[in-house]
Structure formats: structure tokens, C-alpha cells
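Notes for the one structure printed next.
There are 2 protein chains.
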Amino acid sequence: MTTSSSVLNDVNIEAVGGLIEAVRRNPSVGDTTWAASVTWRGGFRSDAQVRDFEPVFSDEPQGLGGTDSAPNPVEQVLAALGNCLVVGYAANATARGIELTDLRVDISGTVDLHAFLGIREGHAGFDDIRASVHLESSASDEQIAELHQHVLSTSPVGHTLRAAVPVTIELATA
Amino acid sequence: MTTSSSVLNDVNIEAVGGLIEAVRRNPSVGDTTWAASVTWRGGFRSDAQVRDFEPVFSDEPQGLGGTDSAPNPVEQVLAALGNCLVVGYAANATARGIELTDLRVDISGTVDLHAFLGIREGHAGFDDIRASVHLESSASDEQIAELHQHVLSTSPVGHTLRAAVPVTIELATA
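Chains as they are written, first to last, in the numbering used here: chain A, 97 to 270; chain B, 97 to 270.
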């Protein structure tokens, strides 16, 4: 049991509160830009560089022609959704004074490979994605249900997937 | 310079061809399901388990209340897009007999934090995503342009982001 809100759930809620105040004072502070640079390593292998972190590797299963050395891109999308939901629950539980004792998100999604393989035109992406949230807390069912709804309504990756996002992909001129 | 199509671009194009034939013969082979399981590690830290691979870590920058130990979820989405595009170029270049000598995809995207922070309701996800593809090959500009258009029309992660995907997120009953 934690006794100070500053360490509840090990979340630095003051930093979040400070950011909220900063964005309220100056809305442009809320305009954030994120980036990644991905380098091909031969075959279906690549690695993604984000800021100064260790590169994140990607490959495809052997059945899809890869060498199965790392999660593939669609699995990475599911992982990103789960990671984003975890931040949402941790942040908003802490803001409500709710202590979380355990949190796990299991995610699955289906992709029909016909479009990717060029067998027919159409949607090549996920047809649906399902997440099951395992959350342990002493909070009431009503508090957890309200927390859950708030997280769903504010999840950056959740909204990215649920909405049609403009994506521009251009060949750089040499 | 490679001399056998089986090793062009280090891509196992026979495996891809075999999969295409298998899906043509039995369309249900193209119905694929992917999964990830994400576990909260306190604060805004989590790790995503995909199959038997090493877990992929996630965190948030300090300005957002995290401890900045790993790429955050929206950066992971951009990385997944780049990794997916790389597979698309490598697979489809190889199928066309085009040798790639270098390939890098730089991606950025903007997120307005107002919705995530609960300051106002609305779209919490990426407002736009831009990718710049640096591709080196001896193929003609026309061949590369055709390859590029084919990759855009068949990219699983690209289509996932550009379309509104049904996402169901439910609290598991204890």
C-alpha cells in the first residue's frame, strides 16, 4: 500500500499534471512530433531506430518468407496498442487515486493475406483487433468501469487504429 | 550482384510464392491471427511478449511522466509502419527481379496531446503520418515508381493506419 500520491502506481503524476497545466497555458505545447528511422538489413529483416534507444528488430515468420528472428510489423502494432493502453490505465488510475496491483493486456487481430500477397485488391490491414484487459485493483467495479471508458476515449494508439489517419508515403529524391 | 533469383535481396521468394499458391488453393490459409501480451511493470513501463521472442520494452519520456527507458507506444507504431514498408519493398522488388542496394524509411507523425491529457474530447491519435523512402537500386525510375505504388496498395500496417479498424477493448472478468 502506498501512502503518498506521488508514488502511487510508481507514476510521476506531478509530471503529468505539470504537462496538463503547460498545455492549458500554451496549447502549442500539446503539439508533439514523433519519429522513427527504419533500415533494411536484407531479406525481410530491418531495425527501427527511435531517438537514442537500442534498435528494435523486425522480421517475418519463415512461412511468410522471413527468417523469424523478431516480431513482425503487425505484431508490433498489437504490442504498441497494449503498451499504450497500459499507460492510459496507469496514468488515469493514478489521477483518480486508484491503486493498481496488476495489469495485463492480451491482444489479437486478424489479417487476410490476400491483399498483401497481391492475389486480390482491397484492404491489406487488420480486419479487427481485440484486446482483453486483466486489471487487479481494490477499486470498485464502478470505478474500474469509469476508468476503462476514460482510457478508451483518450488512447493515442487506440484512436490511431480506430480512425482513418492520413498517411503520406513518398519516395525521396536521390 | 546476385546471380540466382533465390538469393536476390536475400529474400526467400520461393517461400512467398509457395504461400501465394497455398492461399490460391485454399483461401482460408490467408486468414491469419496475430497476438501480443503486454504486462505492466509499474509507472508507464511495460513489456510486450510476442511468441517466444525477447520482450519489447515500452516507456514514456520524462516530460510525459515516464522514466524514458524505451520508445513509447506512438513511436512503436511509426517503427511498425517502417518495418512493414521494408518487407513490402523487399518482397515485391524481388518478385520483379529488382535488386535493392539500400533501403531506409524515415517516418514522423504528429499527435495533439489535448485529448490524451483529457483537456478536451476528440481524436487522441496521430493527426498525420509521413514517411520518406530512401531506396537505392539500378532499376529505372519507372520500375521504382511502379514498385512504390504496389507497396502502398498492399501494406498491412499502412492500410491498418489509413483505414478505420474495428478495435474491441474489454475488461476481462476476474
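Even glycine gets a Cβ: it sits at the ideal position worked out from N, Cα and C.
Predicted, not measured: the structure shown is a model, and the values here were computed from it.
Could you list which residues in chain B have their beta carbon closer than 8 Å to that of residue i, in chain order?
i        : result
A/Arg200 : Ser133, Val134, Thr135 and Trp136
A/Ala166 : Phe149
A/Arg271 : Not covered by the structure: residue 271 of chain A. The range shown for chain A is 97 to 270.
Rounded to a whole number of angstroms, what is the C-alpha to C-alpha distance between residue i and residue j?
i        : j        : result
B/Ala111 : A/Thr128 : 41 Å
B/Arg147 : A/Ser249 : 29 Å
B/Ile109 : B/Val263 : 33 Å
A/Thr98  : A/Phe149 : Confidence is the limiting factor: at A/Thr98 the pLDDT is only 47, short of 50, which leaves the residue's position unreliable and the question unanswerable from this model.
B/Val125 : A/Gly126 : 44 Å
B/Gln145 : B/Ala131 : 9 Å
B/Glu117 : A/His210 : 11 Å
A/Leu213 : A/Asn168 : 16 Å
B/Ser101 : B/Glu195 : Low per-residue confidence applies at B/Ser101: pLDDT is 44, beneath 50, and the placement is therefore not dependable, though the value from the model is reported in the following sentence. Their backbone Cα atoms lie some 10 Å apart in a straight line.
A/Phe153 : A/Ile240 : 36 Å
A/Leu174 : A/Asp143 : 18 Å
A/Ala220 : A/Glu171 : 15 Å
A/Asp224 : B/Ser251 : 16 Å
B/Gly218 : B/Arg192 : 44 Å
B/Arg216 : B/Ala166 : 28 Å
A/Gly184 : B/Ala235 : 46 Å
B/Asp155 : B/Arg141 : 5 Å
A/Leu267 : A/Glu232 : 47 Å
B/Asp106 : A/Glu238 : 55 Å
A/His230 : A/Asp198 : 8 Å
A/Pro123 : A/Gly114 : 13 Å
A/Thr206 : B/Leu243 : 26 Å
What does residue i reach in chain B if we use C-beta pairs closer than 9 Å?
i        : result
A/Ile194 : Within 9 Å Cβ-Cβ: nothing; A/Ile194 doesn't reach chain B, min ~13 Å.
Beta-carbon of residue i versus every beta-carbon of chain B: anything under 9 Å?
i        : result
A/Ala235 : no
A/His255 : yes
A/Gln277 : Outside the displayed span of chain A (97 to 270) sits residue 277 of chain A, for which this structure offers no information.
A/Glu266 : yes
List, in order along the chain, the chain A residues whose C-beta lies closer than 8 Å to that of residue i?
i        : result
B/Glu156 : Val183
Is the Cβ of residue i closer than 9 Å to any Cβ of chain A?
i       : result
B/Met97 : Per-residue confidence for B/Met97 stands at a pLDDT of 46, beneath the threshold of 50, marking its modelled position as unreliable; the derived number appears in the next sentence. No, no contact with chain A.
Report the neighbours of residue i on chain B: residues whose CB is nearer than 7 Å to its CB, in chain order.
i        : result
A/Ala175 : Ala132, Val134, Ala144, Val146, Val152 and Gln172
List the residues of chain A whose Cβ lies closer than 7 Å to the Cβ of residue i, in chain order.
i        : result
B/Leu104 : Within chain A, no residue comes near B/Leu104; the closest Cβ sits about 11 Å away, beyond 7 Å.
B/Thr197 : The contacting residues do not exist; B/Thr197 stays about 10 Å from chain A at best.
B/Ala189 : Neighbours of B/Ala189 on chain A: none; closest Cβ ~10 Å, over 7 Å.
Specify, as a first and last residue, the run of the beta strand (DSSP E) that residue i falls within.
i        : result
A/Gly184 : First-last for A/Gly184: Pro169 to Ala191, but that is the alpha helix (DSSP H), not the beta strand (DSSP E).
A/Glu266 : Val263 to Leu267
B/Asp298 : Residue 298 of chain B falls outside the range modelled here, since chain B spans only 97 to 270, and no answer is possible.
Since residue i is in the alpha helix (DSSP H), which residue starts that stretch and which ends it?
i        : result
B/Ala118 : Ile109 to Arg121
Legend entry - Entirely enclosed alpha helix (DSSP H) segments - the segment 203-263 of chain B, minimum 4 residues: 237-250 and 252-258
Inset, instruction - Only counting runs of 3 or more residues, tell me where the beta strand (DSSP E) segments fall wholly within the segment 139-163 of chain B, in order along the chain. - result: 142-145 and 152-154
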